[in-house]
Amino acid sequence: MKKWMKNAWWIAVGLMAVCAPGMDMNLQRKLRPDAFEWGGYLHQIVGRTFDAIQTDSITLLLAMVAVLWITRRYLYHKPEKTGVGEYLLCGFFSVMQLLNTAVNQTGSVQCLYANIFQLVKVCLYLPGMFVLLLCGVRGLNELLAWRPAHKRCQLWDKHPFLFPLLVLSAAWLPHLIIRYPGALTMDTALQYHQYVGIDPRTTPHPPFGAVVYGWLIDTARTTGYMNLFYFAFTLIKTAVFVAVLAYGLAVMNRRNLPMWVCWFALVMFAASPIYVGWTTVIGKDSPYLILCMLAGIMMLESIGTGVVFKSRWRMALLAACLILMMLVRHNGILIAVPLLLCMLGRLIAEKAGRKRCIRFACYACAVVLAALGVKETIIVTMDYQRISQNDWMSLMFQQTGMVVTRHDEEIPQEEKDILDRMFVYDEIKECYTPDGADSMRWNYPMDGRPGGVRVDAPLETGRSDEDIKAYLQVWWEQFKRYPADYLDALLEMNGILFDLQENWPVYVCLTDNSLDDHVYQNSFNDMNYYNADQIRPLNGLQRALTECYYRMHELPLVGPLFSMVFCMELMLVMLYLGWKRGHRQSLAVWMPSLVTGVSGLFCAIVYLRYLLPTVGGVPLWVAAWMLCEDNKQEPKEEKQ
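Residue 1391 in our numbering sits at position 153 of the sequence shown, with consecutive numbering throughout.
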């Protein structure tokens, strides 16, 4: 390619890249006069396209300078060992960004092909986003290869565990004081209700949590010292989390990782509300995050050393971590089992011997069976009823809700009759919400017949296997008739995981609001569970601190690190790049983040609370990458 053509293409894609994020996908109005020949159509294309660019000219100029520099640096410089996968990933992210932009702005992807002028905007948007993401991936690749000659921190080297422990404790102390005595989640209150018998004991919420949090709240309310009990629990949990993160930082320091990696992890652990903002929450989510981080750190420590496989106390600690993980949340088993399989696969790959592999397989089975045994014991002892939430059908329910909302008059009566066995059909339009399937999941008829909803239904009722089988047939027939609506429903509920311009942060705040009067989205606190008068003077500071948590992802440059969407895409890119570079040993480190990220696609509602291990695992990913690279270079140096 000639130099002038190369430069022209570079400037063109740079212009598209800087305009794409601010493109308006709404149908633009016609310009006068209307188009009747080729020149008129060109007139409409130019006018409507420029109307769709929402970025002001000054910001556009400054952004253009930065984007041209980035594209100049990375567009024509393909890194080694990336393959075609980097193009496929960037293409997928670009398409998802386009589809999400269309749904967010217009409510449907159908706007993208409404007329020829919309297709022109699509043809400008996709290459622009693709180039922007491609340059970002290549810049990330260069950053991960960065090995600056920084001086070691002598204090950190001398006290590898104590130094980060004190730094994190000092950084988190103001949060602990302001958020005194700890914030209860809605799920925790429901588990307490089950524990004391106010609500029926059912399995949607982990029974182990009902025992722990039910005892905590019941004891606190019985003694009257509610705030002190909650604060003691919060302090213990926070101390454990600080120790876990300090342990991870000590591992990074002892393995002589580049100091920028160690400082990056320390600053993230100290400043990100992903950690401190959730450790002060009394509920199943923060212990789950702590356990996932501990499991990832132990896997990080094992890279290139096998220390986790040889040390008995570490194996005991890992067993306790995984057992608690499976008890704290139902999906903990989806992390524990693949992680154990990764470890077994690594033993086999390293030719550790048949006896050692068999011994570890027995250990893994014992860990899983112990967790299941404790869970079953609680269910039987406390007379829990097993209730299926039909989680795997959440997306299907959401798609059905959208089709009924948009095309009720077109649906044949026989299909309505089948849907009426799954839902209270006449109430679908009222209970359907675009961003979550919880209301659709719980909208089932009483005794399999229309006329009642979940709130009034006895526990033993629900959807039968015959009803589900008939429903799946109707779902398939409607999918063939309304594919665009099905795609809209998927994007409105799950597209947030791939929309770089959106984020759904959730932080629980201590405030004097009731359950039905939210100060913050999906935040809950019923002050009847506290000595409210003692903490009311802190309410203003608590809201101010929570407001900071909610705004962190909006900060320039560093904001994306607090966004679940950015971290989701960063995880997929780093996983691919690491796989191409042979970082097989790091797969177990990624497992908690990967499983929680992927399982987010099947949740009834997608927000930060469910993806905490994915966002919190970023420092571990970078550290694992560096350790795998160092291990690859060590054998070469030995041969030389």
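Note that the Cβ used here is the ideal one computed from N, Cα and C, for glycine as well.
Among the options, nearest to residue i - alpha-carbon criterion
| i | options | result |
| --- | --- | --- |
| Leu-1299 | Ala-1255, Tyr-1758, Gln-1429 | Ala-1255 |
| Met-1367 | Arg-1847, Val-1341, Phe-1331, Pro-1445 | Phe-1331 |
| Glu-1715 | Glu-1648, Leu-1313, Arg-1310, Trp-1501 | Glu-1648 |
| Tyr-1451 | Cys-1805, Leu-1422, Leu-1466, Leu-1538 | Leu-1422 |
| Leu-1357 | Leu-1371, Phe-1800, Ala-1340 | Ala-1340 |
| Leu-1810 | Leu-1326, Thr-1671, Val-1305, Ala-1488 | Leu-1326 |
| Ile-1455 | Gly-1278, Ala-1477, Gly-1420, Val-1480 | Gly-1420 |
| Glu-1785 | Ser-1761, Glu-1807, Phe-1804 | Ser-1761 |
| Tyr-1767 | Gly-1252, Leu-1428, Gln-1343 | Leu-1428 |
| Pro-1402 | Lys-1475, Tyr-1468, Asn-1342, Asn-1491 | Asn-1491 |
| Lys-1319 | Asp-1294, Glu-1380, Gln-1335, Met-1302 | Glu-1380 |
| Met-1553 | Tyr-1418, Leu-1565, Glu-1539 | Glu-1539 |
| Leu-1378 | Pro-1398, Ala-1842, Tyr-1814 | Tyr-1814 |
| Trp-1680 | Asp-1629, His-1821, Ile-1616 | Asp-1629 |
| His-1821 | Glu-1792, Asp-1868, Phe-1800 | Asp-1868 |
| Asn-1353 | Lys-1589, Leu-1411, Arg-1286, Gln-1432 | Arg-1286 |
| Ile-1416 | His-1791, Val-1519, Gln-1392 | Val-1519 |
| Val-1612 | Ile-1571, Arg-1624, Leu-1565 | Leu-1565 |
| Leu-1371 | Gln-1343, Val-1333, Gly-1583, Ala-1387 | Val-1333 |
| Asn-1777 | Pro-1721, Lys-1593, Val-1757, Leu-1382 | Val-1757 |
| Val-1393 | Ala-1488, Leu-1337, Thr-1460 | Rather than Val, the amino acid found at residue 1393 in this sequence is Leu. With distances taken between Cα atoms, Leu-1393 lies closest to Ala-1488. |
Opening and closing residue of the alpha helix (DSSP H) in which residue i lies
| i | result |
| --- | --- |
| Asp-1289 | 1276-1290 |
| Met-1812 | 1802-1818 |
| Ala-1250 | 1241-1257 |
| Phe-1446 | 1445-1461 |
| Trp-1630 | No alpha helix (DSSP H) holds Trp-1630; DSSP gives it neither H nor E. |
| Pro-1891 | In the structure as shown, the chain starts at 1239 and stops at 1878, and residue 1891 therefore has no counterpart that could be examined. |
| Gly-1611 | 1592-1619 |
| Ile-1706 | 1703-1719 |
| Asn-1338 | 1323-1344 |
| Gly-1835 | 1825-1837 |
| Tyr-1418 | Per DSSP, Tyr-1418 belongs to no alpha helix (DSSP H) and is neither H nor E. |
| Pro-1775 | Element bounds for Pro-1775: n/a, residue is neither H nor E. |
| Ser-1295 | 1295-1312 |
| Lys-1319 | Counting along the chain, Lys-1319 falls outside any alpha helix (DSSP H), and DSSP gives it neither H nor E. |
| Phe-1368 | 1354-1382 |
| Gln-1429 | 1424-1434 |
| Ile-1586 | 1571-1587 |
| Thr-1852 | 1850-1854 |
Cβ distance (whole Å) where residue i is taken to contact residue j below 8 Å
| i | j | result |
| --- | --- | --- |
| Leu-1832 | Cys-1580 | That belief does not hold up - the Cβ atoms of Leu-1832 and Cys-1580 are roughly 11 Å apart, past 8 Å. |
| Leu-1858 | Gly-1323 | Contact doesn't hold; Cβ gap of about 22 Å is too wide. |
| Leu-1414 | Cys-1349 | 48 Å between Cβ atoms; not a contact. |
| Val-1405 | Ala-1508 | 6 Å |
| Phe-1717 | Met-1806 | Contact doesn't hold; Cβ gap of about 26 Å is too wide. |
Cβ-Cβ distance between residue i and residue j below 7 Å
| i | j | result |
| --- | --- | --- |
| Tyr-1848 | Gly-1855 | no |
| Tyr-1682 | Arg-1659 | no |
| Gly-1260 | Gln-1282 | no |
| Ala-1290 | Lys-1244 | no |
| Arg-1376 | Pro-1317 | yes |
| Val-1426 | Gly-1521 | The residue asked about is misnamed: residue 1426 is Thr in this sequence, not Val. Taking 7 Å as the Cβ cut-off, Thr-1426 and Gly-1521 qualify as a contacting pair. |
| Met-1802 | Leu-1846 | yes |
| Asp-1726 | Ser-1346 | yes |
| Val-1499 | Met-1864 | yes |
| Asn-1731 | Gln-1636 | It should be pointed out that residue 1731 corresponds to Met in this sequence rather than to Asn. A contact, by the Cβ cut-off of 7 Å. |
| Asn-1769 | Met-1464 | yes |
| Pro-1830 | Ile-1541 | no |
| Leu-1748 | Gln-1772 | no |
| Ser-1524 | Thr-1517 | yes |
| Cys-1559 | Ala-1599 | no |
| Leu-1850 | Leu-1527 | yes |
| Gly-1639 | Ile-1596 | no |
| Thr-1309 | Trp-1242 | no |
| Tyr-1745 | Gly-1515 | yes |
| Gly-1252 | Leu-1306 | yes |
| Ser-1407 | Val-1482 | no |
| Phe-1399 | Ala-1503 | no |
| Arg-1594 | Pro-1496 | no |
| Ile-1706 | Val-1844 | no |
| Pro-1561 | Ala-1604 | Reading the sequence as shown, one finds Ile at residue 1561 and not Pro. Contact: no. |
| Tyr-1363 | Ala-1250 | no |
Checklist entry - Which runs of the alpha helix (DSSP H), 4 residues or longer, sit entirely within the stretch 1636-1691? => result 1651-1660, 1666-1669, 1676-1679
Item to check | Runs of alpha helix (DSSP H) wholly within the stretch 1478-1557 (minimum 4 residues, chain order) | outcome: 1497-1509, 1511-1517, 1523-1540, 1545-1548
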